[in-house]
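Student:
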Amino acid sequence: MVGSAGELEVAKQFVELGWGVAPNPTEHDLGTDLWVAARDARRFDLGSLLGVQVKSGDSQFDSAVRDSAGQVEGWWYRESDGDHIDYWLNHQVPHIIVLHHLDTGQSNWVHVTPDRIVSTGKGYKILVPAAASVAPAHAEALVEIVTAGRSLPRWDGSAWTGAEHILKHERLRYALLTPRLVAPHPNLHITAMNAVEAIALLVKMRREDLEPDRRRKTAAPILDECKDSPDWQWRFYAALHDILVSGATDSIDDLENLIATAPNPADRAAATAATAALLVEQDQAVEALKVLEADISRDEATPVDHAWLTVHRARILAETGRLDDARAEATEVQALRQTHPHDPTALAIASAATNLIFDVSDWNSQDLAETITSRDTHASWWRTQEVASGLQHTADESFARWASRRGKSRQASDGAWNHLRAASLIAGFSADHNTWRYSYAQLAKRTATVSSDPGDAGAALSALRTSGDVDAIKQAVPHLLDVGPTSAVKDTAESIDLARSTRTTLDANLELMIHSADVLSEITADRCIDWALDTLPDPVSKTGSIINSFHSILRIHNLIAAVAPAASPRAIDDVISKVTAAPEMDDQAMAHEYAKILRSIPEDAWTPQQLDALASRAASTTDNFEFTEAATEILAAHDTGTRTELIAKIAAGDLSALHAYGDVRDLPSPTVECLTAALETQIAQQIEDLTKGHSTIATTSTAATLILLNAWHPDHARWARVIELLQHFSVFTQHLKDPLQALRRHAANIPQETAQTLIPILRTLMAEARPEHLLFGGTDIRSDAAAALGALAPDSLTDKELWALLAGDPNKRASAALAVAQRNPATAIHSLTVMAHDTDPWVRAVVANSLARWMVSGQNNGTADALLTDILDADAGTLVARMVSVALRETPVNEATLGLAERLASSPSATVRADVRAALQPRS
135 MVGSAGELEV AKQFVELGWG VAPNPTEHDL GTDLWVAARD ARRFDLGSLL
185 GVQVKSGDSQ FDSAVRDSAG QVEGWWYRES DGDHIDYWLN HQVPHIIVLH
235 HLDTGQSNWV HVTPDRIVST GKGYKILVPA AASVAPAHAE ALVEIVTAGR
285 SLPRWDGSAW TGAEHILKHE RLRYALLTPR LVAPHPNLHI TAMNAVEAIA
335 LLVKMRREDL EPDRRRKTAA PILDECKDSP DWQWRFYAAL HDILVSGATD
385 SIDDLENLIA TAPNPADRAA ATAATAALLV EQDQAVEALK VLEADISRDE
435 ATPVDHAWLT VHRARILAET GRLDDARAEA TEVQALRQTH PHDPTALAIA
485 SAATNLIFDV SDWNSQDLAE TITSRDTHAS WWRTQEVASG LQHTADESFA
535 RWASRRGKSR QASDGAWNHL RAASLIAGFS ADHNTWRYSY AQLAKRTATV
585 SSDPGDAGAA LSALRTSGDV DAIKQAVPHL LDVGPTSAVK DTAESIDLAR
635 STRTTLDANL ELMIHSADVL SEITADRCID WALDTLPDPV SKTGSIINSF
685 HSILRIHNLI AAVAPAASPR AIDDVISKVT AAPEMDDQAM AHEYAKILRS
735 IPEDAWTPQQ LDALASRAAS TTDNFEFTEA ATEILAAHDT GTRTELIAKI
785 AAGDLSALHA YGDVRDLPSP TVECLTAALE TQIAQQIEDL TKGHSTIATT
835 STAATLILLN AWHPDHARWA RVIELLQHFS VFTQHLKDPL QALRRHAANI
885 PQETAQTLIP ILRTLMAEAR PEHLLFGGTD IRSDAAAALG ALAPDSLTDK
935 ELWALLAGDP NKRASAALAV AQRNPATAIH SLTVMAHDTD PWVRAVVANS
985 LARWMVSGQN NGTADALLTD ILDADAGTLV ARMVSVALRE TPVNEATLGL
1035 AERLASSPSA TVRADVRAAL QPRS
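Just so we're on the same page, the working numbering is the position in the sequence shown counted from 1, plus 134.
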């Protein structure tokens, strides 16, 4: 434990220097405790590693060496044999020994070099000087160690010189990794172009320079001629062009076939690396590994090319869960820093390996963020220029759109896409995985935001998934489901094979499946459930050790809950068996996930035997309350006895029991009286807390529950505390959102006298409830207040107030639509017609919902039907259809209901189809 404590303290000291730190796994510790990466004073990574061996304890300072004045000059560190000495001296990464004093916190180091080693006859010793400590004063000396022997070539003006100064066998590698050094400068007049220059132009996505044009005289090649050229490099160019420009992803096979016919090992290595990188982009990591291993096994590549292939293999080993192997191979590549410091492609390869080492290293502390995430090389600078240029193009286009006048629009140019694509290609060809992920995701976002083509939307989603951009997936999928094209989501999700997920794609795949569950086919939903149920018993081994964190396991549970409504009875039976037989759940996080799964199972899917098993579990185990509450909800929905047993808990103010009870309209009057009294007391306490500046966000709103009960049980209504609570909004506003929405939903059941009291309060909230707290922010409830006011008193909204809502954000405009829909349909239809063409899908969906409610309630004047048809016909997403189907719930089966159901029956949304089926069932 002393050694471990010392390692932690030394690691902390390096982190305080601003250096990146990662531990060497103990099972691989042959003489290295820590790997550290040097950074300069501005925390720019210097792209070099240092190995650190830590020795801790008082005994390490026993052999002091003193000067004539008695001052300690240092301490001898001794080794009984030469194994560790040989390891440190012969390692490709420089090593230091650090003596750490646990009491004083002092850490002294020495660089292990041959001239410092002293033979004792029985072993070896080395003097650790007292003047060298792990502290800011000696950071420069440490930097000198890790960068010793590196020469820094100058690249000023290199963009003008082309590939002539580069050795011929290295030019293709340069064209793929540092194309700036090979591609002809944009301002040069090109009279002739060789294949390597054309490839460099292609990697930089300078597509205009590759289009034959007599007027511009670009000397660009004719693609068909290149495909049949006797020159292998021209054929390589043609295959790459088909993939990158023509979008023919099946041409990767043509590229791969060129590996076998390459004229020399250098070209073969380049073709192998390019093929592997593009296969990774296509989510084919296993295939990429086979391609790499075939060429590596030849053992014919030069040191740089071999390192290039090795770092590509390390990248894929990491992606497929073989982290130890990936770390070992990436460490091997570090030798390029000393052996080829003049070669920018070698440094790019070594830098990619450095990034990978720190990415796969495990450091179980909060200091993990201090590890290396970027390198500082010429190649990275040039690649960053591509990203910056792409973002500059995007900013210029945004400004042009902002400044456009009188309907003039500016089409998105290819400039941003070209630069971002170039950055992603260079990073991918370098095997710099994290940099590739970032630039490839940026490219996908660009595509998604400027193109309305379903194919482009699907390609963007696939790229976001492949790059592992979980946050973007969580935003993009719901957006595309709302506005369309829905087919892009469905096709992308159904193409996913979860069993082929990698370390990067697993979480993104899961999130995409979770958020697209509403449009998945039954076959795909079953496939998801089968994979999840097979994986959960041992997720790490089942996924090949690609699980990133506990969050991945939670996502697997979420996946089951999300797709269950679309799954087959067979798959649902498997889920029920899994849940009812699961081990006892005392962990709330797991109980929460299983509760979601329980609630996702269709109510009619439960058999009597399964309900008995669930009831037996609920009676015999002490599961966490979240699981128990979900189980009780299911049992109460099928068993009147269970439902009756909840009444006593409800009377005591138990809201979870009330939720499990279901329809509150048949609650006994004494129970309602007790519950409303209990809720009133809880609201009084909430008001007192708010007055003191305290607020908590509860799962269920007490005030919203009381409003529900007041609406359906007017004889026991208690409105005073609700009205008082609505007037507390000066600091916090979140607590009023649910009550305001409850007021809107139940406005028809609110007594006129109460409504008159609420109207001025709602008008105040609509005007003054601004979420402006400096520390806590807040929730904007003004649109909810406006919607409640419009539902309670449609004509109380003045024209000026209505205009203000129409000029507001989508929530305010939707509130305006709700308010207008409460008015006379004959006059309101004109306003709703305008709102039906709102740019925001939520506003259009609210209008559609209002029109559908008119129709099913017999208020259709013909125009409403026509307008709703127009909205549905123009809708490429599912949001409008989902909002229309909501209007079918609990409505009588009539001609209007049947007409709407017929229109929605073929919706891609499983939720809509379920509402349609329920709407067509006879009412009891």
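Note that CB positions come from ideal geometry on N, CA and C, so glycine has one too.
1) Helix, strand or coil: how does DSSP classify serine 949 here?
2) Under 7 Å Cβ to Cβ from arginine 1016, same chain only, skipping five residues before and after it: list those, please.
3) Among the residues of its own chain, which have a CB less than 8 Å from the CB of arginine 555, if the five just before and after it don't count?
4) Could you pull out every residue in the same chain whose Cβ sits closer than 6 Å to the Cβ of threonine 1025, ignoring the five residues on either side in sequence?
5) Tell me where the beta strand (DSSP E) around histidine 869 begins and ends.
6) I need the DSSP call for glutamine 187, collapsed to helix, strand or coil.
7) Would a C-beta distance cut-off of 8 Å place alanine 597 and alanine 591 closer than the cut-off?
8) Check proline 742 in the structure and name its three-state DSSP category.
9) From aspartate 477 to aspartate 631, what does the alpha carbon distance come to, in whole angstroms?
10) With a cut-off of 8 Å on the beta carbons, I'd call valine 653 and threonine 600 a contact; round off their distance for me.
11) I'd like to know whether the C-beta atoms of leucine 164 and valine 188 end up nearer to each other than 8 Å.
12) Around the Cβ of arginine 349, are there at least 16 other Cβ atoms within 10 angstroms (buried) or fewer (exposed)?
13) Going by the beta-carbon positions, is the gap between valine 798 and leucine 842 smaller than 8 Å?
14) Would the beta-carbon of valine 144 fall within 8 Å of that of valine 277?
15) Give me the Cα-Cα distance between proline 437 and alanine 484, rounded to the nearest whole angstrom.
16) So, using beta-carbon positions, are valine 521 and alanine 557 closer together than 8 Å?
17) Any idea which residues DSSP pairs isoleucine 630 with across the strands?
18) By DSSP, does arginine 94 sit in helix, in strand, or in coil?
19) Rounded C-beta distance between alanine 979 and valine 954? I'm assuming under 8 Å.
20) Under a Cβ-count criterion, where at least 16 other Cβ atoms within 10 Å of its own Cβ denotes burial, should asparagine 242 be classed as buried or exposed?
21) In this structure, how does DSSP classify valine 968 when only helix, strand and coil are distinguished?
22) If you scan the segment 614 to 675 from start to end, which runs of the beta strand (DSSP E) of 3 or more residues do you find wholly inside it?
23) Leaving out the 5 sequence neighbours to the left and right, which residues in its chain are closer than 8 Å to isoleucine 884 when beta-carbon positions are compared?
24) Per DSSP, what are the beta-bridge partners of leucine 233 in this structure?
25) Distance, Cα to Cα, histidine 691 vs aspartate 721?
26) Please look up how many angstroms separate the CB atoms of glutamate 814 and arginine 855, rounded, as I've assumed it's under 8 Å.
27) Please report the straight-line C-alpha distance between proline 717 and serine 1040, rounded to a whole angstrom.
28) Short of 6 Å in beta carbon distance, which residues of its chain neighbour phenylalanine 761, apart from the five on each side in sequence? Order them along the chain.
29) Determine, using beta carbons only, whether valine 1020 and asparagine 983 come nearer to each other than 8 Å.
30) Is the closest heavy atom of the ligand COA to the C-beta of threonine 778 under 7 Å?
31) Taking valine 330 and leucine 301 to be in contact with their CB atoms under 8 Å, please state how far apart those CB atoms are, rounded to whole angstroms.
32) Would you mind reading off the limits of the beta strand (DSSP E) that contains isoleucine 260?
33) Quick one: Cα of serine 573 to Cα of alanine 353, how far?
34) Since valine 244 contacts alanine 266 with CB under 8 Å, what's their CB separation in whole angstroms?
35) Taking valine 617 as the reference, give the member of Asp757, Asp217 and Asp1007 with the closest Cα.
36) Can you say whether asparagine 398 is buried or exposed, counting buried as having 16 or more other CB atoms within 10 angstroms of its CB?
Tutor: Taking the coordinates as given:
1) Indexing the sequence shown from 1 puts residue 949 at position 815. It is helical.
2) Walking along the sequence shown from the start, residue 1016 turns up at place 882. So the list reads Ser1043, Thr1045 and Val1046, once near-sequence residues are dropped.
3) Reading the sequence shown from its first residue, position 421 is the one you call residue 555. Within the same chain, arginine 555 has close Cβ partners Met339, Leu378 and Leu577.
4) The count along the sequence shown starts at 1 and reaches residue 1025 at position 891. Excluding sequence neighbours, threonine 1025 sits near Val990 and Thr1031.
5) Stepping through the sequence shown from its first residue, residue 869 is reached at position 735. Where histidine 869 is concerned, there is no enclosing beta strand (DSSP E), given that its DSSP letter is neither H nor E.
6) Taking the sequence shown and counting its residues from 1, one reaches residue 187 at position 53. Glutamine 187: strand per DSSP, three-state reduction.
7) For the purposes of this step, residue 597 is taken as the residue at position 463 of the sequence shown. For the purposes of this step, residue 591 is taken as the residue at position 457 of the sequence shown. Not closer than 8 Å, so no.
8) To locate residue 742, count along the sequence shown from 1; it is residue 608. Note: proline 742 maps to helix in three-state DSSP.
9) Along the sequence shown, read from residue 1 onward, the residue named residue 477 stands at position 343. Along the sequence shown, read from residue 1 onward, the residue named residue 631 stands at position 497. Going by the C-alpha atoms only, they are around 40 Å apart.
10) Looking up residue 653 in the sequence shown gives position 519. Looking up residue 600 in the sequence shown gives position 466. Going by Cβ atoms, the distance from valine 653 to threonine 600 rounds to 20 Å, so no, they are not a contact pair.
11) Residue mapping note: residue 164 aligns to position 30 of the sequence shown, counting from 1. Residue mapping note: residue 188 aligns to position 54 of the sequence shown, counting from 1. Cβ distance not < 8 Å, so leucine 164 and valine 188 don't count as in contact.
12) If you number the sequence shown from 1, residue 349 lands on position 215. For arginine 349, the predicted structure reports a pLDDT of 46, less than 50, and the residue's modelled location is therefore unreliable. A value from the coordinates is still provided. Burial call: exposed.
13) Position 664 of the sequence shown, counted from the start, is the residue given in the question as residue 798. Position 708 of the sequence shown, counted from the start, is the residue given in the question as residue 842. Cβ atoms of valine 798 and leucine 842: closer than 8 Å.
14) The sequence position of residue 144 within the sequence shown is 10, counting from 1. The sequence position of residue 277 within the sequence shown is 143, counting from 1. Result no, Cβ atoms of valine 144 and valine 277 do not sit closer than 8 Å.
15) Here residue 437 is taken as the residue at index 303 of the sequence shown, counted from 1. Here residue 484 is taken as the residue at index 350 of the sequence shown, counted from 1. Taking the straight line from one Cα to the other gives about 12 Å.
16) In the sequence shown, residue 521 corresponds to position 387, counting from 1. In the sequence shown, residue 557 corresponds to position 423, counting from 1. Taking 8 Å as the Cβ cut-off, valine 521 and alanine 557 qualify as a contacting pair.
17) Within the sequence shown, residue 630 is the residue found at index 496, counting from 1. Under DSSP, no beta-bridge partner is assigned to isoleucine 630.
18) Lying outside 135 to 1058, the shown extent of the chain, residue 94 is not represented and no answer is given.
19) If you number the sequence shown from 1, residue 979 lands on position 845. If you number the sequence shown from 1, residue 954 lands on position 820. Contact doesn't hold; Cβ gap of about 15 Å is too wide.
20) For this step, residue 242 is matched to residue 108 along the sequence shown. So asparagine 242 counts as buried.
21) Against the sequence shown, residue 968 aligns to sequence position 834. Looking at valine 968 - three-state DSSP - the assignment turns out to be helix.
22) none
23) Start at 1 with the first residue of the sequence shown, and residue 884 comes out as number 750. If we look at isoleucine 884 and ignore the five residues flanking it on each side, its Cβ neighbours are Asn844, Ala845, Leu877, Leu892 and Leu926.
24) The residue given as residue 233 occupies position 99 in the sequence shown. Answer is Lys189 and Asn242.
25) Here residue 691 refers to the residue found at position 557 of the sequence shown. Here residue 721 refers to the residue found at position 587 of the sequence shown. Cα to Cα, histidine 691 sits roughly 14 Å from aspartate 721.
26) Residue mapping note: residue 814 aligns to position 680 of the sequence shown, counting from 1. Residue mapping note: residue 855 aligns to position 721 of the sequence shown, counting from 1. Right, the Cβ-Cβ distance comes to about 5 Å (below 8 Å), so this counts as a contact.
27) Numbered from its first residue, the sequence shown carries residue 717 at position 583. Numbered from its first residue, the sequence shown carries residue 1040 at position 906. Distance between the alpha carbons of proline 717 and serine 1040 is about 41 Å.
28) The residue given as residue 761 occupies position 627 in the sequence shown. Counting only Cβ-Cβ distances below 6 Å, and skipping sequence neighbours, we find Met719, Ala725, Tyr728 and Ala729.
29) Here residue 1020 corresponds to residue number 886 of the sequence shown, with the count starting at 1. Here residue 983 corresponds to residue number 849 of the sequence shown, with the count starting at 1. A contact, by the Cβ cut-off of 8 Å.
30) The ligand COA is absent from the structure shown, which contains no ligand whatsoever.
31) Start at 1 with the first residue of the sequence shown, and residue 330 comes out as number 196. Start at 1 with the first residue of the sequence shown, and residue 301 comes out as number 167. About 12 Å; that fails the 8 Å criterion.
32) Translated into positions along the sequence shown, residue 260 becomes position 126. Unbroken beta strand (DSSP E) run through isoleucine 260: 258 to 263.
33) Locating residue 573 in the sequence shown gives position 439, counting from the first residue. Locating residue 353 in the sequence shown gives position 219, counting from the first residue. Whole-angstrom Cα-Cα distance: 30 Å.
34) In the sequence shown, counting from the first residue as 1, residue 244 sits at position 110. In the sequence shown, counting from the first residue as 1, residue 266 sits at position 132. In this structure valine 244 is in contact with alanine 266, their Cβ atoms being roughly 7 Å apart against a cut-off of 8 Å.
35) If you number the sequence shown from 1, residue 617 lands on position 483. It is Asp1007.
36) As a position in the sequence shown, residue 398 is number 264, starting the count at 1. Label assigned to asparagine 398: exposed.
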